[in-house]
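Asker: If you read the sequence shown in the numbering used here, its first letter stands for residue 646, the second for the next number, and so on.
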Amino acid sequence: VRLHRVISWWLFFFGTLTIVGGYSISNKWVPNITFFTTMHNIFEWAFIFLMLYHLFYTLFFVRLRTFKMLKHPFRHWVRLIQQASKWAILAFVTLIILSGFNQYEWAAPFLAGWAPFQYHKLFDTFLVVSIVIHMMAGTKIMLRRKKISTWWSNLLILVIGGLLIAGTLVLELLPS
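1. Here's the rule: buried if 16 or more other CB atoms are within 10 angstroms of the residue's CB, otherwise exposed. What is residue 696?
2. Three or more C-beta pairs closer than 8 Å, one from the segment 755–763 and one from the segment 813–820: is that the case here?
3. Looking at residue 653: is its Cβ nearer than 9 Å to the Cβ of residue 699?
4. Let me know if residue 787 comes out buried or exposed under the rule of 16 or more other beta-carbons within 10 Å of its beta-carbon.
5. Quick test of your reading: residue 785 and residue 707, contact by CB under 8 Å. State the CB separation rounded to the nearest angstrom.
6. Mapping the DSSP letters down to three states, classify residue 668 as helix, strand or coil.
7. Between which two residues does the alpha helix (DSSP H) containing residue 754 stretch?
8. If we ignore side chains and look at the alpha-carbon of each, how far apart do residue 811 and residue 795 end up?
9. DSSP three-state call for residue 729: helix, strand or coil?
10. Alpha carbon to alpha carbon, what distance is there between residue 752 and residue 677?
11. For residue 683, count neighbouring Cβ atoms within 10 angstroms of its own Cβ and tell me buried if that reaches 16, exposed if not.
12. Determine the extent of the alpha helix (DSSP H) in which residue 793 is found, giving its start and end residues.
13. Exposed or buried, what is residue 747 when buried is set at 16 or more other beta-carbons lying within 10 Å of its beta-carbon?
14. Taking 9 Å as the cut-off, decide whether the C-beta atoms of residue 741 and residue 769 are in contact.
15. With DSSP collapsed to three states, give me the class of residue 747.
Here it is as structure tokens:
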């Protein structure tokens, strides 16, 4: 379990670097696009492998009984939010990864018709919002596990999460 939590933080780290790198490249914020594209590709492959590990471990080794949680939704509302955001992340990551593979010559002929590169930029906002919600729920669960559940910790999670979501929306609305 401890290794899985460490992997989850590495997943967050590489996911953040991948997303920030992608925004920097698409908005032309960096002088050397070739270098940042290479770094984006390295981070994306690390993200893909860590995401596959996280998904495999969560599906097969973590016993989250969703139907039991649905019987008592008020007791398990944070876990239910985390479950819903997990499936949203999985859907958006799949769309973004498949459309991002269009940059590789070996994949472009297969994916160009039904996963154009425009999807790569379109769904990234939804992915970031889903990740922030997932991390907010995970942070709340972690603090509850450590017996830290006060009004100010809840408020801090909401403020930081809200600022991250607002920042994402502002970046998306900026002209490229």
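Built from N, CA and C at the ideal position, the CB exists for glycine as well.
Answerer: For this structure:
1. Within the sequence shown, the letter at position 51 stands for residue 696. Residue 696 should be labelled buried.
2. Below 8 Å, too few C-beta pairs join the segment 755–763 and the segment 813–820 to call them touching: fewer than three.
3. Along the sequence shown, one-based indexing puts residue 653 at 8. Along the sequence shown, one-based indexing puts residue 699 at 54. Yes, Cβ-Cβ distance for residue 653 and residue 699 is below 9 Å.
4. Start at 1 with the first residue of the sequence shown, and residue 787 comes out as number 142. By the neighbour-count rule (16 or more Cβ atoms within 10 Å), residue 787 is not buried but exposed.
5. Position 140 of the sequence shown, counted from the start, is the residue given in the question as residue 785. Position 62 of the sequence shown, counted from the start, is the residue given in the question as residue 707. Incorrect: roughly 17 Å between the Cβ atoms, too far for contact.
6. Position 23 of the sequence shown, counted from the start, is the residue given in the question as residue 668. Residue 668 sits in a helix when the DSSP states are folded into three classes.
7. Position 109 of the sequence shown, counted from the first residue, corresponds to residue 754. From DSSP, the alpha helix (DSSP H) with residue 754 extends over 753–756.
8. Along the sequence shown, one-based indexing puts residue 811 at 166. Along the sequence shown, one-based indexing puts residue 795 at 150. Between residue 811 and residue 795, the C-alpha separation is close to 24 Å.
9. For the purposes of this step, residue 729 is taken as the residue at position 84 of the sequence shown. Three-state result, residue 729: helix.
10. Translated into the one-based positions of the sequence shown, residue 677 becomes position 32. Translated into the one-based positions of the sequence shown, residue 752 becomes position 107. For residue 677 and residue 752, the distance between alpha carbons rounds to 25 Å.
11. Here residue 683 corresponds to residue number 38 of the sequence shown, with the count starting at 1. When all chains shown are included, residue 683 counts as exposed.
12. As a position in the sequence shown, residue 793 is number 148, starting the count at 1. Here residue 793 belongs to no alpha helix (DSSP H), and DSSP marks it neither H nor E.
13. One-based indexing of the sequence shown puts residue 747 at position 102. Buried.
14. The residue you call residue 741 lines up with position 96 of the sequence shown. The residue you call residue 769 lines up with position 124 of the sequence shown. Against a cut-off of 9 Å, the Cβ pair of residue 769 and residue 741 comes out as a contact.
15. Reading the sequence shown from its first residue, position 102 is the one you call residue 747. In this structure, residue 747 counts as helix in the three-state DSSP scheme.
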